[in-house]
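Step one of this worksheet: look at the structure below.
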Amino acid sequence: MKVEGQCHCGAIAYEADVTPGTVAICHCADCQTLTGSAFRVNIAAPAESFRILRGEPKRYLKTADSGARRIHAFCAECGGPVYSSAQENPSSYSLRVGALKQRYELGVPKRQSWTRRRFGWLPDLGTAEAFEGQP
């Protein structure tokens, strides 16, 4: 499925192909800090399908507590997220579901990672396979 996304101010726009029904939630501390929320909701897009249509995102490298090194791209104007990916030769880009125009067509989350960091007040998502750490 072709999806289109953009940052909050619209300075950066992009498109990609994704597979509906593959939405994932991450409860890790990095995702909580990055989003300023309880978790991050994303969907993977194959690298060959991801294309920036407008603007140029700012990028930074983050090394997680696990040692994983990820590139995070965002709009320098509004701070809106664009993608995250592996540092070198990414095979896919992780896109924020809320930044996609087709967000309501992507289905319910099917996977949750880092559930040991999930806030106790969040209800259980019985539709999503749960992993205490990174699957």
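Just remember that my numbering sits 127 ahead of the position in the sequence shown, which is counted from 1.
Each residue gets a CB set at the ideal place from its N, CA and C atoms; glycine is no exception.
Fair warning: this is a prediction, and the values are worked out from it, not measured in the lab.
DSSP places A200 within a strand segment (E or B) once states are collapsed to three. A direct Cα-Cα distance of roughly 24 Å separates L249 from A191.
Within the same chain, and ignoring the five residues on either side of D144 in sequence, the residues whose Cβ sits closer than 8 Å to its Cβ are M128, K129, V130, A172, P173 and S176. In the three-state reduction of the DSSP assignment, A156 falls in the helix class, which pools H, G and I.
In this structure, the straight-line span from the alpha carbon of G206 to that of R186 is close to 11 Å. Rounded to the nearest whole angstrom, the CA to CA distance from W241 to D251 is 13 Å. Per DSSP, the continuous beta strand (DSSP E) segment holding G132 begins and ends at K129 to Q133. For the pair R238 and C155, the CB atoms are not nearer than the 7 Å cut-off.
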